[in-house]
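Here is the structure we will look at, set down as structure tokens.
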Amino acid sequence: MKLNVLGIIKKYTMLFALIAVVIFFYFNTDGLILLPQNINNLISQNAYVFVLAAGMLLCILTGGNIDLAVGSVVCFVGGIGAVMMDKNINMVFAVIVMLVGGLLVGAWQGFWISYVKVPPFIATLAGMYAFRGLSNVVLQGKAVGVDDGFFLKVFGGGADCYIPDFFGGKDLNITCIVAGAVVAVVYIAYELKKRITAKARGFSVVPLYTLLIRVVCICAVVLWVFYKLANYKGIPTAFIWIAVVLISYGYITSKTTVGRYLYAVGGNEKATRLSGIDSRKVYFFAYINMGLMAGLAGILTIARQVGAQPTFGQLYEMDAIAACFIGGASAYGGEGSIFGVIIGALLMGVINQGMSIMGMEATYQKVVKGIVVLVAIIFDVLSNKKKK
Amino acid sequence: MGNILLEMKNITKTFPGVKALDNVNLQVEEGEIHALVGENGAGKSTLMNVLSGIYPYGTYEGDIIYNGEVCQFHKITDSEKKGIVIIHQELALVPQMSIGENMFLGNERGKKSAINWDETYSEADKYLKMVGLSESSRVLIKDIGTGKQQLVEIAKALAKHAKLLILDEPTSSLNETDSRALLDLMLEFKKQGMTMIIISHKLNEVVYVADKITVVRDGSTVETMDCHSMEIDEDRIIKGMVGREITDRFPKRSGVAIGEANMEVKNWTVFHPIYAERKVVDSVNMTVHKGEVVGIYGLMGAGRTELAMSIFGRSYGADISGTLMINGKEVTLKSPREAINAKLAYVTEDRKGNGLVLSNPIRVNTSLANMAGVSNNGVIDVDKEYQVAVEYKEKLKTKTPSVEQNVGNLSGGNQQKVLLAKWMFTDPDILILDEPTRGIDVGAKYEIYCIINDLVAAGKSVVMISSELPEVIGMSDRIYIMNEGKFVGEMKADEATQENIMACILQSGRGE
Chain A
1 MKLNVLGIIK KYTMLFALIA VVIFFYFNTD GLILLPQNIN NLISQNAYVF
51 VLAAGMLLCI LTGGNIDLAV GSVVCFVGGI GAVMMDKNIN MVFAVIVMLV
101 GGLLVGAWQG FWISYVKVPP FIATLAGMYA FRGLSNVVLQ GKAVGVDDGF
151 FLKVFGGGAD CYIPDFFGGK DLNITCIVAG AVVAVVYIAY ELKKRITAKA
201 RGFSVVPLYT LLIRVVCICA VVLWVFYKLA NYKGIPTAFI WIAVVLISYG
251 YITSKTTVGR YLYAVGGNEK ATRLSGIDSR KVYFFAYINM GLMAGLAGIL
301 TIARQVGAQP TFGQLYEMDA IAACFIGGAS AYGGEGSIFG VIIGALLMGV
351 INQGMSIMGM EATYQKVVKG IVVLVAIIFD VLSNKKKK
Chain B
389 MGNILLEMKN ITKTFPGVKA LDNVNLQVEE GEIHALVGEN GAGKSTLMNV
439 LSGIYPYGTY EGDIIYNGEV CQFHKITDSE KKGIVIIHQE LALVPQMSIG
489 ENMFLGNERG KKSAINWDET YSEADKYLKM VGLSESSRVL IKDIGTGKQQ
539 LVEIAKALAK HAKLLILDEP TSSLNETDSR ALLDLMLEFK KQGMTMIIIS
589 HKLNEVVYVA DKITVVRDGS TVETMDCHSM EIDEDRIIKG MVGREITDRF
639 PKRSGVAIGE ANMEVKNWTV FHPIYAERKV VDSVNMTVHK GEVVGIYGLM
689 GAGRTELAMS IFGRSYGADI SGTLMINGKE VTLKSPREAI NAKLAYVTED
739 RKGNGLVLSN PIRVNTSLAN MAGVSNNGVI DVDKEYQVAV EYKEKLKTKT
789 PSVEQNVGNL SGGNQQKVLL AKWMFTDPDI LILDEPTRGI DVGAKYEIYC
839 IINDLVAAGK SVVMISSELP EVIGMSDRIY IMNEGKFVGE MKADEATQEN
889 IMACILQSGR GE
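Sequence lines, in order, name chains A and B. If you use our numbering, the first sequence corresponds to residues 1 to 388, in order. If you use our numbering, the second sequence corresponds to residues 389 to 900, in order.
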């Protein structure tokens, strides 16, 4: 049992770090950090980090490859969308163009990386310059506002970007509470079904009490988050997009053959190739997905900022990369998970927000962030070393 | 004979949960070549790591007495100062640097702030001459062959004024000629008074070179044999290593009928992917029948692996020409996937580099070449995958606590079994096994041979590439002999002897 506890702590190091950081800020901000409004902001402000980090994880899995162009692509795609909507082009069409635009950028970079074997660092460095320049061209160096109310509402911008309360609750958003309950029930059903099929097929299952602990913890967190959101204005629409992205990529990385190939290529590319898997397609897949996510992040960004500017998206790629590495992705590839990405993005978000609430100067915030990233990785490296 | 140079007394080394060395005693006399033999995981390398200070003083129990004094090595440089130098199995050379730079890496000539390159290179040339290399020390490591690189390692050790040289599997990546040259060099050093410890799996080499042989088994020294006072042969050593007599190193195959041809290769020619004018495989013709084990023997660099990989979906080479027939039909296999679909499997010689994803568990490695077999519409059925992995684990007797164990934690023999499992799961008709028993111990070798026999008994064909003559002769039905890209001979197993195979190679060399 004692060994087991140690194992859990090691496995979920960053989760415990997150809890510790939350507790730290809870006491240093007189509990402000856990106010419903702040929980809400944590999600909305960091939507782009979650989305980009999910895409970035795929690239990192294939061998520690990163995409430096992401921030520029966000700005480029967002710029296109903002200009289109500014010219009163249909919002649905604009969204499709932005997503396809992201996809094409991903395909462009992916092509050079996977088929011509340009090192990803260089290919995307080139993209970082080129798409930043193109954003300026598209926006003609100016800020362009977005005033399509429906667009803003759907993608988490403007004053009212929440799922409406269908039950008309007064202080408490009842739709939000119901949604939380539904999520918890679906999750419990999923775990139960998994256990029952595994048992029916005669496989060993984890002891019931560990499953119970896990289910109770996860349900508690889910219900708590939804309760907090219900106390504010309900479910932010950006939250839906984050959830869709994270669940999709969680599924892809853990349950599908494509996901398995990402890990295998990162673990040993030659062996994967000789196993009849076309590694070029795997790289291409990773970067095309990264492009798609950059497109989505571009949409979320211009909605949140109610417009586009040529400077948007700077250092977004670094936030995404940091979230992945804090979340335990290996810099050599082959290791990492969406769960880790969630923890990594949250950790960064909480630290940002906590420091802002405490009134720390922005200049020092960056120093702290840098130190946190380094400490997180040092901790991870050391605990992994001890495992051996 | 001489006095005792090194004595390791009651060495015990424990890793969490495992006792790697248990009360080991070793005595090495001055001026002798002392061989350490034992199965993989027996503790030979651990013992040498204790000696060289890789496991620092205090992490083990017992005493190291060197030159009459008790030593406490805290790091490698401590032991190197005393003249104990270890040459590891994996070469520790930087390919992009010159021989001279490598030789004095970390031990630079001149001042700290300014390296004296003239001294570096002239010193380096001196040591290169001692190991019989005529290359200039300004040549880059990547431009010389593996055999010469191994010699550079030795020269590097000499440059550290080695009195006791430890060689861990020095010939594992060398061909027969280079191996022999290396062993002769060791004998030459012995004449000059150098003391050496050699760790090797190749027992014929041990018999050739050693004065004394110490057998390590399960973390203890079992016995030390003096090669001068008694007659030692390989069987005698094997008996000590496995603790029992192995009557037959190659299991018999009986009643396996050899059927019709299921793979034919005609006029197969492959060019080097970089040096476009170099023919790596030259008009090879080969036929493989159902239920047959076909051996391909050749020295390293003969083009065996290149032949196999070029057949396997053009995984190697450029400008491949020739015809490939499978079950009487001509096929063109343009990728490994097409080769797998044509029921071909290639089990690589390079388990770690080309074969397995070491950071992944056995379960994942087993299914990698046949994901379709454990998934529906691209969604993996993990339960089924687990079941498959367990099934093969039991079938091949892989020693592991669970199939969730990372492959990197397994011994060489067990890794080889996982690799075989991966390819057996693709349900191939023809398996090309490239050096299937390289670097694995006697017991595991026997089990791999049994698996080969089971495969052909099930009507499959096995092409076994090997550079171990006894293995090729013991296991094959028919043998092709390959030299410099060409098939230079073909013989039935019962006609083949080590002598006439070697003669075949030598003649072909002269014919040029």
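Glycine residues also receive a C-beta, built at the ideal position from the N, C-alpha and C atoms.
Residue i versus residue j: straight-line alpha-carbon distance, rounded
{"i": "Ile122 of chain A", "j": "Ser72 of chain A", "result": "15 Å"}
{"i": "Lys407 of chain B", "j": "Pro789 of chain B", "result": "17 Å"}
{"i": "Ala200 of chain A", "j": "Asp147 of chain A", "result": "55 Å"}
{"i": "Ala730 of chain B", "j": "Gly743 of chain B", "result": "20 Å"}
{"i": "Gln477 of chain B", "j": "Leu687 of chain B", "result": "20 Å"}
{"i": "Leu808 of chain B", "j": "Val844 of chain B", "result": "14 Å"}
{"i": "Ile321 of chain A", "j": "Ala376 of chain A", "result": "13 Å"}
{"i": "Leu784 of chain B", "j": "Ile839 of chain B", "result": "7 Å"}
{"i": "Asn504 of chain B", "j": "Pro724 of chain B", "result": "51 Å"}
{"i": "Tyr263 of chain A", "j": "Asn65 of chain A", "result": "12 Å"}
{"i": "Met890 of chain B", "j": "Ile869 of chain B", "result": "9 Å"}
{"i": "Gly801 of chain B", "j": "Ala184 of chain A", "result": "47 Å"}
{"i": "Gly168 of chain A", "j": "Cys176 of chain A", "result": "11 Å"}
{"i": "Val876 of chain B", "j": "Phe659 of chain B", "result": "18 Å"}
{"i": "Tyr834 of chain B", "j": "Lys590 of chain B", "result": "15 Å"}
{"i": "Ala179 of chain A", "j": "Lys401 of chain B", "result": "58 Å"}
Cβ pair residue i, residue j closer than 8 Å
{"i": "Phe284 of chain A", "j": "Gly78 of chain A", "result": "no"}
{"i": "Asp319 of chain A", "j": "Met290 of chain A", "result": "no"}
{"i": "Ala430 of chain B", "j": "Asp606 of chain B", "result": "yes"}
{"i": "Ala69 of chain A", "j": "Cys324 of chain A", "result": "no"}
{"i": "Gly267 of chain A", "j": "Ser433 of chain B", "result": "no"}
{"i": "Val604 of chain B", "j": "Leu439 of chain B", "result": "no"}
{"i": "Val762 of chain B", "j": "Trp811 of chain B", "result": "no"}
{"i": "Met14 of chain A", "j": "Ile343 of chain A", "result": "yes"}
{"i": "Leu732 of chain B", "j": "Ile818 of chain B", "result": "yes"}
{"i": "Gly307 of chain A", "j": "Thr29 of chain A", "result": "no"}
{"i": "Ile601 of chain B", "j": "Val594 of chain B", "result": "yes"}
Cβ distance (whole Å) where residue i is taken to contact residue j below 8 Å
{"i": "Val105 of chain A", "j": "Gly81 of chain A", "result": "That pair is no contact at about 13 Å."}
{"i": "Tyr780 of chain B", "j": "Pro639 of chain B", "result": "20 Å between Cβ atoms; not a contact."}
{"i": "Met574 of chain B", "j": "Val597 of chain B", "result": "6 Å"}
{"i": "Glu737 of chain B", "j": "Thr693 of chain B", "result": "6 Å"}
{"i": "Val473 of chain B", "j": "Leu562 of chain B", "result": "So it is not a contact: roughly 19 Å between Cβ atoms."}
{"i": "Met759 of chain B", "j": "Thr257 of chain A", "result": "4 Å"}
{"i": "Val830 of chain B", "j": "Glu427 of chain B", "result": "6 Å"}
Chain B contact residues for residue i, given Cβ-Cβ distances below 7 Å
{"i": "Thr175 of chain A", "result": "Neighbours of Thr175 of chain A on chain B: none; closest Cβ ~32 Å, over 7 Å."}
{"i": "Arg201 of chain A", "result": "Asp771"}
{"i": "Ala198 of chain A", "result": "Asp771"}
Proximal residues of chain A, C-beta to C-beta of residue i below 7 Å
{"i": "Ile861 of chain B", "result": "By Cβ distance, chain A contributes nothing, its closest Cβ being about 29 Å from Ile861 of chain B, past 7 Å."}
{"i": "Thr736 of chain B", "result": "Leu274"}
{"i": "Ser703 of chain B", "result": "Leu274"}
{"i": "Ala757 of chain B", "result": "Ser275, Gly276"}
{"i": "Ser763 of chain B", "result": "Thr257"}
Partner residues on chain A for residue i, Cβ-Cβ distance less than 9 Å
{"i": "Ile768 of chain B", "result": "Ser254, Lys255, Thr256, Thr257, Gly259, Arg260"}
{"i": "Asn742 of chain B", "result": "Asn268, Lys270, Ala271, Arg273, Leu274"}
Interface residues of chain B facing residue i [CB-CB closer than 8 Å]
{"i": "Glu335 of chain A", "result": "Ser747"}
{"i": "Ala17 of chain A", "result": "Chain B residues near Ala17 of chain A: none, gap ~23 Å exceeds 8 Å."}
{"i": "Ala264 of chain A", "result": "Val745, Asn748, Val752, Leu756"}
Proximal chain B residues relative to residue i, where beta-carbon distance stays under 9 Å
{"i": "Thr12 of chain A", "result": "Here the sequence assigns Tyr to residue 12 of chain A, which means Thr is not the residue at that position. Result: empty, since nearest Cβ-Cβ is about 18 Å, beyond 9 Å."}
### Query
Is the stretch 58-67 of chain A close to the stretch 329-340 of chain A, with three or more CB pairs under 8 Å?
Touching, yes.
- request: State whether the stretch 502-520 of chain B contacts the stretch 458-474 of chain B, with contact taken as three or more CB pairs (one from each stretch) at a distance under 8 Å.
  value: The count of Cβ pairs closer than 8 Å, one atom from the stretch 502-520 of chain B and one from the stretch 458-474 of chain B, stays below three, leaving the stretches out of contact.
- prompt: Would you say the stretch 502-510 of chain B touches the stretch 439-448 of chain B, given that touching needs at least three Cβ pairs under 8 Å?
  reply: These segments do not touch.
**Message:** For the pair the stretch 617-629 of chain B and the stretch 819-827 of chain B, tell me if three or more CB-CB distances fall below 8 Å.
**Reply:** No contact exists between the stretch 617-629 of chain B and the stretch 819-827 of chain B.
Check your understanding: Can at least three beta-carbon pairs, one atom from the stretch 487-500 of chain B and one from the stretch 536-543 of chain B, be found at a separation below 8 Å?
Key -> Touching, yes, given that three or more Cβ pairs across the two stretches are closer than 8 Å.
* To do: State whether the stretch 195-212 of chain A contacts the stretch 123-140 of chain A, with contact taken as three or more CB pairs (one from each stretch) at a distance under 8 Å.
  => No, the stretch 195-212 of chain A does not touch the stretch 123-140 of chain A.
### Message
Counting only Cβ-Cβ distances shorter than 9 Å, please list the residues of the stretch 715-733 of chain B near chain C, keeping chain order.
### Response
Of the chains in the structure shown, none is chain C; the protein chains are A and B.
Note to self: Closer than 8 Å is the cut-off here; do at least three beta carbon pairs connect the stretch 657-672 of chain B with the stretch 705-712 of chain B?
What the structure shows: With the cut-off at 8 Å, the stretch 657-672 of chain B and the stretch 705-712 of chain B touch.
Check: For the stretch 174-192 of chain A against the stretch 246-256 of chain A, are there 3 or more C-beta pairs whose distance is under 8 Å?
Finding: Touching, no, given that fewer than three Cβ pairs across the two stretches are closer than 8 Å.
Exercise for the section: Could you tell me whether the stretch 848-864 of chain B touches the stretch 676-684 of chain B, using the rule of 3 or more Cβ pairs below 8 Å? Expected result: Cβ pair count under 8 Å is three or more, so yes.
Check: How about the stretch 220-237 of chain A and the stretch 159-168 of chain A: do they share at least three Cβ pairs that are nearer than 8 Å?
Finding: Here the stretch 220-237 of chain A makes contact with the stretch 159-168 of chain A; the two share three or more CB pairs at distances below 8 Å.
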